[in-house]
């Protein structure tokens, strides 16, 4: 029992770590996609089309945003897109970095991150877009920000990985504990118990001889005669009987 208690405790701890890590990872991803990701905070520009948006300094996310008539099923195709951004009043042009984020679908609304733009200075920027978007419903490029804490998925992902390693180690420990040699039990003997010490000598029982019996009877008869219970004639008759004469 004691050998198996440790592996059981380790398995319980590993399962708890797995639950916390997996649940936290899912929740952090959902919060990042639905709560912290303000994908259209600064506005949208139709594709193809042009527009002017006021963008703050820092990183700006650019998402391809459209509507669908059914479920995307996780296989949403992103069409070839083009973008050109220029700052007004001698503002430096943003630095664009192409990325391919995961698809986020809410009801019939679908978006996927395609660029990030590093804005050097706060100001108004002229934006031109293009792409092969035939068949898409109201396609646009949405400009926003992602305020999700980047450490959350990493922390819960590390917990999930640690839980997997712990569970594997606990299972291996449990298997080894089950295969550990058990102390041998003493054999059960069905034979009669043996004398623990030296065998005692046999006890000799006294068997009185025939002569001794006769002498005892004669003593009894003599006592009866002396007490008057027997007459002399009766005593002599009994004496002859005992002596067999």
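Numbering (the numbering used here), first residue to last: 4 to 248. Quick reminder that beta carbons are idealized off the backbone N, C-alpha and C, glycines included. For clarity, every value in this text was computed on a predicted model and none was experimentally measured.
Query: Collapsed DSSP secondary structure at residue 82 in the structure displayed; Result: coil
Query: Pairwise C-alpha distance: residue 28 and residue 158; Result: 8 angstroms
Query: Pairwise C-alpha distance: residue 80 and residue 135; Result: 12 angstroms
Query: Spatial distance of residue 84 from residue 51 (CA atoms); Result: 9 angstroms
Query: Residue 138 - DSSP class collapsed to helix/strand/coil; Result: coil
Query: Whole-number beta carbon distance between residue 131 and residue 66, since they are thought to touch under 8 angstroms; Result: Not confirmed; about 17 angstroms, so no contact.
Query: Where residue 179 falls: helix, strand or coil (DSSP); Result: helix
Query: Continuous alpha helix (DSSP H) stretch holding residue 224: start and end; Result: 213-229
Query: Any 3 or more C-beta pairs closer than 8 angstroms across the region 157-171 and the region 103-117; Result: no
Query: Three-way DSSP call (helix, strand, coil) for residue 156 in this model; Result: helix
Query: Contact test: residue 107 Cβ vs the ligand ADP heavy atom, cutoff 7 angstroms; Result: Judged by which ligands are present, the structure shown has none, so any question about the ligand ADP falls away.
Query: For residue 168, three-class secondary structure by DSSP; Result: helix
Query: Reduced DSSP category for residue 116 - H, G, I as helix; E, B as strand; rest coil; Result: strand
Query: Rounded C-alpha distance that separates residue 43 from residue 125; Result: 17 angstroms
Query: Own chain residues within Cβ distance below 7 angstroms of residue 20, not counting five before or after; Result: 162, 165, 166 and 169
Query: For residue 17, three-class secondary structure by DSSP; Result: helix
Query: Nearest-angstrom Cα separation, counted from residue 89 out to residue 70; Result: 28 angstroms
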